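**Q** In terms of mature numbering (1 follows the signal peptide of the UniProt record, and there is no 0), the sequence shown is residues -17 to -1, 1 to 231.
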Amino acid sequence: MSVKLVILLTLPSVILACGGIEPSQDPYDPLGKWHGRHMTCGHPVYMYRLPADAQEKIKQIWANYEAGDECDKENEATMQVVHSIPEEVRFKVFHGMCGPAFLKDASPAIRTQFQNIWFDDNLSLDEKESEFKKLAFSLLTGSALTKFNEFEAGLQERKKQRQQTIDLLSPAAKEAYNKWNTMRKQERLYLASLPMDVRAELRLVCTFCGTQKVGKQEHHRARRSAGVEAIELARSLRQSDAEVLGAF
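1. Of the residues Glu184, Thr95, Lys75 and Arg73, which one's Cα is nearest the Cα of Pro83?
2. Determine, using beta carbons only, whether Phe131 and Phe85 come nearer to each other than 9 angstroms.
3. Sort Leu177, Ala156, Glu170 and Ala119 by Cα distance to Phe97 and report the nearest one.
4. Which class does Gly51 belong to by DSSP, given the choice of helix, strand or coil?
5. To test your reading of the DSSP string, which unbroken alpha helix (DSSP H) runs of 4 or more residues are found completely within the segment 99 to 127?
6. Closer than 8 angstroms by C-beta to Glu114: which residues in its own chain qualify, once you throw out the five before and the five after it? Chain order, please.
7. Compute the distance between the beta-carbons of Trp45 and His66, then report whether it is under 9 angstroms.
8. Using 8 angstroms as the Cβ pair cut-off and three pairs as the minimum, do the segment 166 to 184 and the segment 134 to 153 touch?
9. On the three-state DSSP scale, how would you describe Val188?
10. Between Pro69 and Glu158, what straight-line distance do the alpha-carbon atoms span, to the nearest angstrom?
11. What's the C-alpha gap between Gln146 and Leu123?
12. Mind checking Lys42: buried by the 16 CB within 10 Å criterion, or exposed?
13. How should residue 239 be labelled, buried or exposed, when 16 other C-beta atoms within 10 angstroms of its C-beta is the threshold for buried?
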């Protein structure tokens, strides 16, 4: 397998509606993705909830798209349109769309508490699970708590399946998997430790990052955790490397 293919296989998909934030890059992580959605081609399902001018821009982006074609450029352009919408408008449009089902109707304050745990790379999976339970049983009620119990049952099943997969690995593969996990965590922690202005400069290495540049959205990024920022930056730098390799 070529180096190019290895790098491309590690790239997460673009998240349009959920602001581009992602959890651990470990594909075996039973927590899964925070948003639970995947990139698709064509008009996004949420388009008709956007302001009229944004809808028109997105329609123009996809005007010449034909089913079966690659759609990375169209999706990136759509993401830029979404990110250009005022933050308070985006919140109204996407509230409840991102995150686990048990947080669909939760207040921003409650969602933030769960999100901070989800994206904390200093916590092990068991620690995250324990903190989730504490929050759920102290903050959630009714259908939200019922959905959390369903989430917890699914988590236990995914943990079991993951462990079965790991148990079947050869000794060499297990060692490689453990080292890889450690390296990825060190990468995120290192990037998170950098000053915000340095992270902003590094992001400029990624030529396709659109609005993710110095200045325009720093007021928004300042309120986000360094851990989430580091995950995004690591993803962007890896994709930038992949694009350079693609030129050969």
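All C-beta atoms, glycine included, are put in the ideal place defined by N, C-alpha and C.
These numbers were taken from a predicted model, which means no experiment stands behind them.
**A** Quick answer:
1. Thr95
2. yes
3. Ala119
4. coil
5. 108 to 122
6. Result list for Glu114: Ile100 and Leu106, in chain order.
7. no
8. Too few Cβ pairs lie closer than 8 angstroms, so no.
9. coil
10. Approximately 47 angstroms, taken between the alpha carbons.
11. 29 angstroms
12. Lys42 is exposed by the Cβ-count criterion.
13. No statement about residue 239 is possible, as the shown extent of the chain runs from -17 to 231 and does not include it.
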